[in-house]
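Chains as they are written, first to last, in the working numbering: chain A, 1 to 231; chain B, 1001 to 1231. I have placed the structure first, in the form of structure tokens, so that the comments after it can refer back to it.
There are 2 protein chains.
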Amino acid sequence: MTANRPDKPGLRMADRVYEDIRREILTGLIGPGERITEEVLAERFGASRTPVRSAIVRLASDGFVEMTPRSGTVVKTRTACEIAEIYDVRAVLESMAARLAAERHDADDLAGLRGIQDELERRAAGRTASGASAVEELSSLNKAFHVAILDAARNATLRESAERLMDIGFLINTYANFDESEIARSFSDHRKLLMAIESRDGAWSEAVMRAHILGARNSLTEPAATPAAKR
Amino acid sequence: MTANRPDKPGLRMADRVYEDIRREILTGLIGPGERITEEVLAERFGASRTPVRSAIVRLASDGFVEMTPRSGTVVKTRTACEIAEIYDVRAVLESMAARLAAERHDADDLAGLRGIQDELERRAAGRTASGASAVEELSSLNKAFHVAILDAARNATLRESAERLMDIGFLINTYANFDESEIARSFSDHRKLLMAIESRDGAWSEAVMRAHILGARNSLTEPAATPAAKR
DNA sequence: CTTATGCCGCTTGTATCCAATCGGTCAAGC
DNA sequence: GCTTGACCGATTGGATACAAGCGGCATAAG
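See the structure below:
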């Protein structure tokens, strides 16, 4: 089946497949622990196994899937403890980013941040029910807000490291902790963050961000409640 | 040339090739900015282009090389400013690791750390000249010391994030800043770190580690001296 | 002499083919 | 009845064949 599909304007099939698989994992369409086979994905996306392989290698390097030598590839499962670990690291990285953003941001950065947060609150207010697409949109905007702070921090390494963790953590975040009180807490944090960054107060920004992320972590691991468990 | 070489006991050719290319980059044998072609590498390592491609995709994901769509792959060049950025992030991540290691380490962790540092000082004392292999060995042991602390911190995410940056940063570190005074300073820091971790003093450990890494950063960017430049 | 344009080679990207290996299952022996 | 062995299907890993795009060079026109 020589099915190279010419629909997307894209340059590389492998990139398209990477994005597609990644999206399906992030939206939970594939689900953790699920086994994926190259041939099935190749057929589904209308490509051959080669670009699919390339995409899977990248996904494995990103920590989304796990390849076992001759057995197959499965979507990585994360325990609650591991998720908590990720949030701990995010707290450190992004609070550093908040400090730097406070010190280095310009007018455009601030305008962008405000715009994202306005949009976020508008969407949250106007949403009908907790439809899957609405949740996904909120999650996407939330990520955009955090990435905008990373951009304002002017440190590409920091941005890359933090963004990687963000995507992994959102695997869980998307479904849980989106009740009213959590959203209100999150928005309150974001507004405080905006104030702190605008006033160029590095220490304050750092502290607010740390509290924001550790608060989110706590709301996730509430029942297990193992703040810093052993290995 | 059907040259699947059966010499190494390895499981996957792609993994072997990945390690080989990575080592050649880390030791400077390939050099930043240099162009690499799949076919040449395939011939050099006795493989076909397929595993080489897989390896290159992973290396690109790791940030060692840069693939441009139809043009080729080059070893990524890092400016002094970017290196400084990496050290800033390392300082944050590894100081967190030092704090956690102080709180969570067990006897084995401590023994391992001591062993590595003893070996490090022995090698440094017994080295003849600044031969390339000697420098490489010191660098490797130095990395082992830092990784051991990351292990003792009991946070796999933290370990992974920090280790990734370590490898990239060492691209420069290997050649520069290995004069007597720098080594002495580094060893002194390591010994202080051992004391702080052994005494389970998280704050002290964190501070020493931060000073250690930021000191190293400063010794690298000494002439340019742009501690926190703009983008 | 400068500039534009077309050709050619090199390299990557994709597809398909073959080999190797892993897990499961079925059957035979103890 | 239980264990152990071998066969078999399925799936990945690797090799090769083919297509497509980019860059460089030469040549010709202005």
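Every residue, glycine too, gets a C-beta built ideally from N, C-alpha and C.
Under 7 Å Cβ-Cβ, which residues of chain B neighbour residue 232 of chain A? This structure cannot settle anything about residue 232 of chain A, because the visible part of chain A is limited to 1 through 231.
Selected residue, minimal CA-CA separation from residue 213 of chain A, among A:136, A:117, A:91: Relative to residue 213 of chain A, the option among A:136, A:117, A:91 whose CA is nearest is A:91.
Note down, one range per segment and in chain order, each beta strand (DSSP E) of at least 3 residues found wholly within the stretch 50 to 117 of chain A. 65 to 68, 72 to 75
DSSP beta-bridge partners of residue 149 of chain A: Paired residue(s): none; residue 149 of chain A is not in a bridge.
Nonlocal neighbours in the same chain, by C-beta distance under 6 Å from residue 1240 of chain B, ignoring five residues either side: Any question about residue 1240 of chain B goes unanswered here, given that chain B covers just 1001 to 1231.
Whole angstroms are fine: how far does the CA of residue 148 of chain A sit from the CA of residue 113 of chain A? 6 Å
Using 10 angstroms around the beta-carbon of residue 51 of chain A, count the other beta-carbons present and answer buried if the total reaches 16, otherwise exposed. By the neighbour-count rule (16 or more Cβ atoms within 10 Å), residue 51 of chain A is buried.
Taking only three categories from DSSP, how would you classify residue 1200 of chain B? coil
Can you pull the chain A residues whose beta carbon is under 8 Å from the beta carbon of residue 1054 of chain B, in chain order? 53, 54, 57
Of the listed residues B:1032, B:1073, B:1200, B:1069, nearest to residue 1039 of chain B (C-alpha basis): B:1073
Any beta carbon from chain A within less than 8 Å of residue 1138 of chain B's own beta carbon? no
Residues near residue 182 of chain A by beta carbon distance below 7 Å, same chain, minus five either side: Taken in chain order, the residues that qualify are 219.
Candidates A:13, A:163, A:155: which alpha carbon is nearest residue 1070 of chain B's? A:13
What residues in its chain sit with their C-beta under 8 Å from that of residue 190 of chain A, if we drop five residues either side in the sequence? 117, 120, 145, 212.
Which value, in whole angstroms, describes the spacing of the CA atoms of residue 1048 of chain B and residue 1138 of chain B? 34 Å
Please report the residue range of the alpha helix (DSSP H) in which residue 47 of chain A lies. Premise fails: residue 47 of chain A is in no alpha helix (DSSP H) and is neither H nor E.
So, does the CB of residue 1023 of chain B fall closer than 8 Å to a CB anywhere in chain A? By this cut-off, residue 1023 of chain B is not an interface position.
Classification of residue 1108 of chain B by the beta-carbon crowding that lies within 10 angstroms, buried from 16 upward: Burial call: exposed.
At the level of alpha carbons, what is the spacing between residue 23 of chain A and residue 59 of chain A? Cα-Cα distance, rounded: 11 Å.
So the candidates are A:111, A:124, A:168; which of them puts its Cα closest to the Cα of residue 84 of chain A? A:168
Quick one: what's residue 168 of chain A bridged to in DSSP? DSSP lists no partner for residue 168 of chain A.
How would you write the range of the alpha helix (DSSP H) that residue 1029 of chain B sits in, first residue to last? Premise fails: residue 1029 of chain B is in no alpha helix (DSSP H) and is neither H nor E.
I need the DSSP call for residue 1214 of chain B, collapsed to helix, strand or coil. helix
Using a Cβ-Cβ cutoff of less than 7 Å, which residues in the same chain neighbour residue 1198 of chain B once the five nearest sequence positions on both sides are dropped? 1110
What separation, rounded to the nearest whole angstrom, lies between the Cα atoms of residue 1101 of chain B and residue 1164 of chain B? Taking the straight line joining both Cα atoms gives about 19 Å.
Find the residues of chain A that neighbour residue 1038 of chain B, judging by a C-beta separation of less than 9 Å, and give them in chain order. Ordered by position in chain A, no residue passes the 9 Å Cβ test against residue 1038 of chain B, which lies about 13 Å from the chain.
Determine whether the Cβ of residue 12 of chain A lies closer than 8 Å to any Cβ atom of chain B. yes
Could you tell me which of A:61, A:53, A:29 sits nearest to residue 17 of chain A, measuring between CA atoms? For residue 17 of chain A, the nearest C-alpha among the options comes from A:53.
Taking only beta-carbon atoms, is residue 82 of chain A less than 8 Å away from chain B? yes
Residue 36 of chain A - partner residues in DSSP beta bridges: Bridge partners of residue 36 of chain A: A:73.
Whole-angstrom Cβ separation of residue 123 of chain A and residue 141 of chain A, contact assumed at under 8 Å? 7 Å
Would residue 1155 of chain B and residue 88 of chain A be called neighbours here (beta carbons separated by less than 8 Å)? yes
Cβ pair residue 158 of chain A, residue 97 of chain A closer than 8 Å: Yes; because the gap between Cβ atoms is below 8 Å, this pair is in contact.
In its own chain, which residues sit with a C-beta less than 8 Å from the C-beta of residue 36 of chain A, not counting the 5 before and 5 after it? 21, 30, 56, 65, 72, 73, 74, 75
For residue 1026 of chain B and residue 1079 of chain B, I'd like the C-alpha separation in whole angstroms. Straight through space, the alpha carbons of residue 1079 of chain B and residue 1026 of chain B are spaced by roughly 16 Å.
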